[in-house]
Amino acid sequence: MHDLTSLLHSLHRPRLLIRAARIAAEEYRRDPHLARVLGAPTPGHRGAALLQLLEIEGLMDERRKARDGAYSVARHVETLAAVIGEARLMARPEDRLT
């Protein structure tokens with residue numbers, strides 16, 4: 400988890416994007432959100448889900464920086480909200496065992 404924490408702290412995104420994602424993360428529910436963002440069943444291990452989310456988010460950020468027409472701000476916010484939600488779940492002591 401320490402490596403994931405370092406990775407999360409190294410992310411630098413526009414403030415407005417992060418602010419919107421933090422607001423969206425308040426309503427984060429793991430199963431429906433992960434299924435929608437990942438397009439697959441929810442992984443059992445939280446760390447695996449977070450790694451997948453970070454990979455997807457990295458690709459989205461590359462599209463954002465390249466001003467790609469396929470880039471979706473809404474989808475990026477949804478993905479960052481899932482990253483934040485998963486990170487919060489991992490930080491809970493009772494969930495570290497799973």
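400 is the number of the first residue of the sequence shown in the numbering used here; add one for each residue after it.
Glycine included, each C-beta is placed from N, C-alpha and C at the ideal position.
All values derive from a computational prediction rather than experimental measurement.
**Asked** For E485, which residues of its own chain have a beta-carbon under 7 Å away from its beta-carbon, when the five flanking residues on both sides are left out?
**Response** Working through the sequence shown from its first residue, we reach residue 485 at position 86. Cβ neighbours of E485 beyond the five flanking positions: R445, A448, L449, L452.
**Message:** Taking only three categories from DSSP, how would you classify T497?
**Reply:** For this step, residue 497 is matched to residue 98 along the sequence shown. With a pLDDT of 45 at T497, under the threshold of 50, the modelled position of this residue cannot be trusted, and the question is left open.
**Request:** Taking M459 and R435 to be in contact with their CB atoms under 8 Å, please state how far apart those CB atoms are, rounded to whole angstroms.
**Result:** Residue numbering aside, residue 459 sits at position 60 when the sequence shown is read from its first letter. Residue numbering aside, residue 435 sits at position 36 when the sequence shown is read from its first letter. Their Cβ separation, rounded to whole angstroms, is 14 Å, which puts M459 and R435 out of contact at 8 Å.
**Message:** Between V499 and A439, how many whole angstroms is the CB-CB distance? I'm expecting something under 8 Å.
**Reply:** No answer is possible for residue 499: the residues shown for the chain start at 400 and end at 497.
**Prompt:** Considering only the beta carbon of each residue, do E456 and L479 sit closer than 9 Å?
**Reply:** In the sequence shown, residue 456 corresponds to position 57, counting from 1. In the sequence shown, residue 479 corresponds to position 80, counting from 1. One thing to note: E456 has its Cβ within 9 Å of the Cβ of L479.
**Prompt:** The alpha helix (DSSP H) spanning G443 covers which residue range?
**Reply:** Stepping through the sequence shown from its first residue, residue 443 is reached at position 44. Neither: G443 is in no alpha helix (DSSP H) and is coded neither H nor E.
**Request:** Give the range of the alpha helix (DSSP H) segment to which P431 is assigned.
**Result:** Here residue 431 refers to the residue found at position 32 of the sequence shown. First-last of the alpha helix (DSSP H) with P431: 429–437.
**Request:** Take the Cβ of I483 as the centre, count every other Cβ of all protein chains shown within 10 Å, and call the residue buried at 16 or more, exposed below.
**Result:** Position 84 of the sequence shown, counted from the start, is the residue given in the question as residue 483. I483 comes out buried.
**Asked** Are the Cβ atoms of R466 and V472 separated by less than 9 Å?
**Response** Counting from 1 along the sequence shown, the entry for residue 466 is found at position 67. Counting from 1 along the sequence shown, the entry for residue 472 is found at position 73. For R466 and V472, no; Cβs fall outside 9 Å.
**Burial state of L410 (16 or more Cβ within 10 Å)** = Locating residue 410 in the sequence shown gives position 11, counting from the first residue. The residue is exposed, with fewer than 16 neighbouring Cβ atoms inside 10 Å.
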